[in-house]
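Chemist:
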Amino acid sequence: MPLLLAAPLLLFMLVFYALPVLSMLMRSVNDPNWTLSHYASLTGDTVFLKVFSNTLYTSLTVTAGALLLGYPVALALVRAPRYAPVILILILLPFWTSVLVRSYAWMVLLGRHGLINEALLAAGMGQPLRILNTPLATQIAMVHILLPYMVLPIANALRQIDPSLARAASGLGATPWATFRQITLPLSMPGVAAGVLLVFVLALGFYITPAMVGGTREITLSMLIAQQVDQLNWAYAATLSVVLLATALAIIAAFYRLPGVGHTLRTSAR
Amino acid sequence: MTGAGRGASVSLSNLERSYDRVAAVAGVSLDILSGEFLTLLGPSGSGKSTTLMMIAGFETPTGGDIAIDGKSVVATPPYRRNIGMVFQNYALFPHLTAADNIGFPLKQRGVGKAEREKLVREALALMQLPDHGERYPRQLSGGQQQRVALARAIVFKPRLLLMDEPLGALDKQLRENLQLEMRRLHADLGITFIYVTHDQEEALTMSDRIAVINAGLVAQVGRPEDLYDRPGSRFVASFLGESNFLPAIVRGIEDDVVVAECEGAIIRALCPGRPATGEKVMLTTRPERIRFADGAFASTAPQNRLSVTVTEAVFAGERCRYMLQARDGTAMVLKEPSSAAIRRRAVGERTEIAWSVADTILV
Chain D
9 MPLLLAAPLL LFMLVFYALP VLSMLMRSVN DPNWTLSHYA SLTGDTVFLK
59 VFSNTLYTSL TVTAGALLLG YPVALALVRA PRYAPVILIL ILLPFWTSVL
109 VRSYAWMVLL GRHGLINEAL LAAGMGQPLR ILNTPLATQI AMVHILLPYM
159 VLPIANALRQ IDPSLARAAS GLGATPWATF RQITLPLSMP GVAAGVLLVF
209 VLALGFYITP AMVGGTREIT LSMLIAQQVD QLNWAYAATL SVVLLATALA
259 IIAAFYRLPG VGHTLRTSAR
Chain W
46 MTGAGRGASV SLSNLERSYD RVAAVAGVSL DILSGEFLTL LGPSGSGKST
96 TLMMIAGFET PTGGDIAIDG KSVVATPPYR RNIGMVFQNY ALFPHLTAAD
146 NIGFPLKQRG VGKAEREKLV REALALMQLP DHGERYPRQL SGGQQQRVAL
196 ARAIVFKPRL LLMDEPLGAL DKQLRENLQL EMRRLHADLG ITFIYVTHDQ
246 EEALTMSDRI AVINAGLVAQ VGRPEDLYDR PGSRFVASFL GESNFLPAIV
296 RGIEDDVVVA ECEGAIIRAL CPGRPATGEK VMLTTRPERI RFADGAFAST
346 APQNRLSVTV TEAVFAGERC RYMLQARDGT AMVLKEPSSA AIRRRAVGER
396 TEIAWSVADT ILV
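Order-wise, the sequence lines are chains D and W. Its first residue numbered 9, the first sequence is counted upward by one per residue in my numbering. Its first residue numbered 46, the second sequence is counted upward by one per residue in my numbering.
#1: Take D/Asn38 as the anchor and find which of D/Val269, D/Ala243 and D/Ala256 has the nearest alpha-carbon.
#2: What are the residues that DSSP puts in a beta bridge with W/Thr237?
#3: Would you check if the distance between the CB atom of W/Ser91 and the CB atom of W/Ile255 is smaller than 8 Å?
#4: Just checking, does the segment 222 to 239 of chain W make contact with the segment 74 to 85 of chain W on the three C-beta pairs under 8 Å criterion?
#5: Could you compute how far the alpha carbon of D/Ala35 sits from the alpha carbon of D/Leu123?
#6: Please go through the same chain and pick out, in chain order, the residues whose beta-carbon is closer than 8 Å to the beta-carbon of D/Leu240, but skip the five residues on each side of it.
#7: Out of curiosity, what's the CA-to-CA distance linking W/Leu57 and W/Ile77?
#8: Give a yes or no on whether the minimum CB-CB distance between W/Ala101 and chain D is below 8 Å.
#9: Which two residues bound the contiguous alpha helix (DSSP H) that contains D/Tyr91?
#10: To the nearest angstrom, how far is it from the Cα of W/Ala68 to the Cα of W/Leu285?
#11: What's the gap between the Cα of D/Ile260 and the Cα of D/Val200?
#12: With a cut-off of 8 Å, does the C-beta of W/Tyr64 fall near any C-beta of chain D?
#13: For the segment 149 to 179 of chain D, enumerate the residues whose C-beta is nearer than 8 Å to any C-beta of chain W, in chain order.
#14: Assess, as a yes-or-no matter, whether the segment 113 to 128 of chain W is touched by the segment 156 to 165 of chain W under the definition of 3 or more beta carbon pairs within less than 8 Å.
#15: Mapping DSSP to helix, strand and coil, what is D/Asp238?
#16: Grab the span of the beta strand (DSSP E) containing W/Arg319 for me, first residue to last.
#17: To which residues of the same chain is W/Gly213 closer than 7 Å at the C-beta, ignoring the five residues directly before and after it?
#18: Would you identify the three-state DSSP class for D/Phe24, choosing helix, strand or coil?
#19: Show which residues of chain D have a CB atom less than 7 Å away from the CB atom of W/Phe138.
#20: Suppose the cutoff is 7 Å on Cβ atoms and the five residues either side in sequence are ignored; what does the same chain contact list for D/Thr43 look like?
#21: Please report the straight-line C-alpha distance between D/Ile99 and W/Ile236, rounded to a whole angstrom.
#22: Determine the direct distance from the alpha carbon of D/His46 to that of D/Pro40, and round the result to whole angstroms.
#23: What is the DSSP secondary structure of W/Asn349, counted as helix, strand or coil?
#24: Would you mind telling me which residues of chain W sit closer than 7 Å to D/Pro194, beta carbon to beta carbon, in chain order?
#25: If you follow the alpha helix (DSSP H) that D/Trp114 is part of, which residue opens it and which one closes it?
#26: Quick one: does D/Phe20 have its CB under 8 Å from some CB of chain W?
#27: First and last residue of the alpha helix (DSSP H) that includes W/Asp145?
#28: To test your reading of the DSSP string, which unbroken beta strand (DSSP E) runs of 3 or more residues are found completely within the segment 253 to 307 of chain W?
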């Protein structure tokens with residue numbers, strides 16, 4: 009039975025991943041004794057509501073930014089096969105670098121005495137811009153880090169479009185823009201949906217980047233969880249974790265029902 | 046318009062297309078008349094499709110010119126050429142219904158919704174698909190997809206229709222039906238058709254004229270019967286239908302007829318040129334134009350005769366096919382209509398074959 013080959017890994021995952029996570033999550037309902045009160049209290053918890061909406065908002069803007077910047081890159085990747093290896097390396101090189109390193113790099117770039125401000129000051133600006141430790145810094149850095157997750161599924165969907173369709177459209181009188189609008193864009197939507205899903209869900213749980221460049225005023229759910237763990241507030245942290253996990257799963261389930269998305273997600277790794 | 050009727054005339058002059066200095070099309074010159082059904086026939090890789098793509102505007106020539114109705118279109122992008130095109134794989138838009146696929150070219154031309162719907166309905170009716178408008182391409186059979194692609198290519202009333210092996214993916218029965226439909230459509234519309242295929246039977250059935258393309262050049266242009274009866278080269282003779290080739294030596298010329306020696310026999314052949322006596326030449330004749338010249342035919346048999354041995358006999362339904370061997374080993378094919386009244390030949394049988402001088406060509 010071929011499934012038996014996966015048994016050692018499954019056992020490993022069960023013992024060292026599933027069980028600890030499960031026992032951690034259980035604390036949201038059995039700490040100190042069996043209760044749903046931790047969840048009930050969330051509805052009136054203004055800190056939680058503020059942080060939760062802030063997290064959703066950040067994920068949304070990051071997703072939108074990655075989509076607007078990523079779609080043209082995906083198009084270039086597919087349309088200019090000669091430059092595709094270069095473009096692919098430029099996309100993937102940061103992808104292979106640690107998130108920590110990349111977040112530090114953004115601190116260096118965005119800081120009060122960072123490269124960007126120094127350049128602006130040298131160009132004659134009166135005082136440095138405050139970018140680091142703002143939500144904007146979080147958004148910029150997260151768009152950068154998550155961009156590959158947007159570009160690759162879209163490029164994959166674009167690659168699967170039969171090139172003769174664009175030719176046919178052109179021959180039938182469609183200008184290049186009309187061909188893009190009426191043929192290429194609609195046919196690439198499964199890839200767009202897959203990219204949006206990946207980026208949004210990954211952004212929901214982002215911790216290192218917002219913690220390093222986003223400052224402490226507008227925090228995200230993952231930062232709040234970390235704070236609560238630091239204060240040994242295990243039950244509250246577990247409750248928040250369950251909320252985060254449930255939100256992500258609900259979004260994934262919703263997107264998988266869209267036509268073509270599941271297929272694109274499964275094949276974009278190739 | 047040049048007033049030359051509903052079809053556009055197309056003139057290719059010295060058209061070239063090279064990729065990395067390898068010529069796919071190496072100087073094609075061809076005049077396609079208004080309203081003509083012209084087929085570009087050639088083996089794969091001969092440059093016929095590339096030629097078609099250049100006429101459509103999807104490939105840019107590296108040399109020469111394309112004129113439609115006397116005006117050069119080389120600098121015109123495909124979406125302004127107003128040419129209908131049917132692709133080999135149909136290239137139907139998978140996210141649009143059949144009706145929206147057909148309406149697509151009308152939409153690009155700013156045709157209003159009501160008018161568009163009317164024209165699409167008419168096109169669907171013409172293609173005998175009146176109830177299939179709301180289906181998506183994947184819900185249609187191959188033949189139906191083919192008709193939708195055709196409807197989409199003619200709904201905006203272009204004066205030129207290009208087709209790139211449009212029947213290649215269909216089974217034989219359907220292909221034969223659609224060939225006849227295509228002919229009828231051509232007669233009804235009166236526009237110019239340029240059709241690309243590697244299938245010589247398709248080309249012979251449908252075309253007003255055929256341009257045989259080989260190695261990026263036009264090997265021969267003409268009406269199907271002219272090409273079949275008088276192939277100008279060995280390539281045309283073997284690619285268009287089946288041919289027997291007999292090596293021979295010229296012994297003399299009588300009027301338009303070359304007298305040649307072949308397999309120890311004297312064979313007469315038609316020849317446009319004037320080969321010198323003693324020159325080594327190749328004679329060709331079609332398998333179905335040769336007959337066994339013994340028995341009842343012996344006295345009335347046509348002029349060219351040869352002694353052969355039957356090496357293989359195949360009964361193929363409507364005809365019998367014999368492989369023959371001449372005395373010095375040249376292999377020949379003979380096709381005979383199958384009739385219960387004709388005696389079948391056995392392998393190993395020695396006999397005489399005969400065929401007419403008019404069916405013998407020097408290539």
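Cβ coordinates follow ideal geometry from the N, Cα and C atoms, glycine included. Note that the structure is a prediction, hence the values are computed from the model and not measured.
Modeler: So, from the listed chains and residues:
#1: D/Ala243
#2: W/Leu205
#3: no
#4: yes
#5: Note on identity: in this sequence residue 35 of chain D is Arg, with Ala being the wrong assignment. Looking at the two C-alpha atoms, the distance is approximately 45 Å.
#6: none
#7: 8 Å
#8: It does: the Cβ of W/Ala101 has a partner Cβ on chain D nearer than 8 Å.
#9: Counting along the chain, D/Tyr91 falls outside any alpha helix (DSSP H), and DSSP gives it neither H nor E.
#10: Distance between the alpha carbons of W/Ala68 and W/Leu285 is about 24 Å.
#11: Going by C-alpha positions, D/Ile260 is about 14 Å away from D/Val200.
#12: no
#13: So the close ones are Asp170, Ser172, Leu173, Arg175, Ala176, Ala177, Ser178 and Gly179.
#14: no
#15: helix
#16: Segment: none, W/Arg319 is in no beta strand (DSSP E) and carries neither H nor E.
#17: Gln133
#18: helix
#19: Leu173 and Ile191
#20: Correct list, in chain order: Val37.
#21: 51 Å
#22: 11 Å
#23: In this structure, W/Asn349 counts as strand in the three-state DSSP scheme.
#24: Residues of chain W passing the Cβ test: His140.
#25: Val107 to Leu118
#26: D/Phe20 does not count as touching chain W.
#27: Ala143 to Gln153
#28: Counting only runs of 3 or more residues that sit fully inside the segment 253 to 307 of chain W, the beta strand (DSSP E) segments are 254 to 259, 262 to 267, 289 to 299 and 302 to 307, in chain order.
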